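The block underneath contains the structure these notes are about, expressed in structure tokens.
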Amino acid sequence: MKPIEFDRRAFLKKGPFAFIQAVLTESRAGGADTPRTPLRPPGAAPEEEFLELCCGVGACAEVCPAEAIRLVPREEDSGTLHPVIVPQEAACIVCEDLACMKACPSGALTLAPREEIRIGLAQVNPDRCLAWSGTDPGCDYCVDRCPLGAGAIRLERAGPVRGPLVEEGCVGCGVCEYFCPTQPSAIRVYPR
């Protein structure tokens with residue numbers, strides 16, 4: 029997903045509701061209910077390379093302190109397992125020691141600093157978001173629970189409403205999606 033093109037000058041000229049409209053248009057284009065490619069554990073190689081390198085032993089899943097890494101059969105080979113993260117079930121907490129990356133014996137996961145991890149990128153559907161829609165203006169679960177803080181997601185005010193705004197520092201851990209109280213979730217993580 030490309031970033032929403034809306035700078036401060038445009039905001040001041042067109043007003044807060046134009047900003048909300050830009051967010052709505054972008055969110056609808058992505059479609060929060062569209063199927064998505066699996067989210068891979070932190071440090072994963074690009075998908076094609078990852079599938080070639082991953083030996084499916086599950087060492088990454090065994091050491092995950094959040095139990096966020098699931099082993100599922102590969103579509104083309106139901107006998108081979110590969111790791112995925114399903115944020116609705118359990119999110120990556122971007123743990124301090126990044127155990128999954130260190131445990132990988134095949135090189136499918138390589139060690140990277142926390143701020144350089146790119147599992148995916150969160151996208152907000154403002155129509156479903158309790159804060160943006162005004163249903164619960166105080167809702168801030170996604171922002172409050174984010175392990176990386178304001179560099180990844182923050183509250184943005186647009187006129188009389190405020191809601192979550194995903195920043196470039198988002199690593200796609202899925203904590204925001206996991207804690208979102210709406211069903212289906214108003215914020216979802218998609219692979220980058």
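Residue 139 in our numbering is what sits at position 111 of the sequence shown, and the numbering runs on without skipping anything. Just so you know, even glycine gets a beta-carbon here, dropped at the ideal spot from N, CA and C. Since the structure is predicted, the reported quantities are computational estimates derived from the model, not experimental observations.
| Check | Outcome |
| --- | --- |
| Give me the Cβ distance between Y218 and G148, rounded to the nearest whole Å; I'm assuming they're in contact under 8 angstroms. | 5 angstroms |
| Report the rounded CA-to-CA distance for V100 versus A178, giving the unit in angstroms. | 33 angstroms |
| So C128 and I97 are supposed to be a Cβ contact under 8 angstroms. How far apart are they, rounded? | 6 angstroms |
| With a cut-off of 8 angstroms, do at least 3 Cβ pairs link the stretch 171–186 to the stretch 197–213? | yes |
| Does the Cβ-Cβ distance between L81 and G135 come in under 8 angstroms? | yes |
| Determine the DSSP secondary structure at R173, reduced to helix, strand or coil. | helix |
| Comparing C-alpha positions only, which one of G84, C201, W160 sits nearest to R223? | Since the first residue shown for the chain is 29 and the last is 220, residue 223 is missing from the structure and cannot be characterised. |
| Taking a contact to mean a Cβ-Cβ separation below 8 angstroms, would you say Y206 touches Q151 in this structure? | no |
| Leaving aside the five residues before and after P183 along the sequence, list all residues of the same chain whose C-beta is less than 8 angstroms from its C-beta, in chain order. | Residue identity differs from the one stated: residue 183 is Leu in this sequence, not Pro. If we look at L183 and ignore the five residues flanking it on each side, its Cβ neighbours are A159, D168, V171, R190, G191, P192, L193. |
| In whole angstroms, give me the CA-to-CA distance for T163 and P209. | 12 angstroms |
| Please state whether the Cβ-Cβ distance between A72 and L137 is less than 8 angstroms. | yes |
| Keeping to the same chain, check which residues put their C-beta closer than 6 angstroms to that of R142; ignore five residues upstream and five downstream. | V122 |
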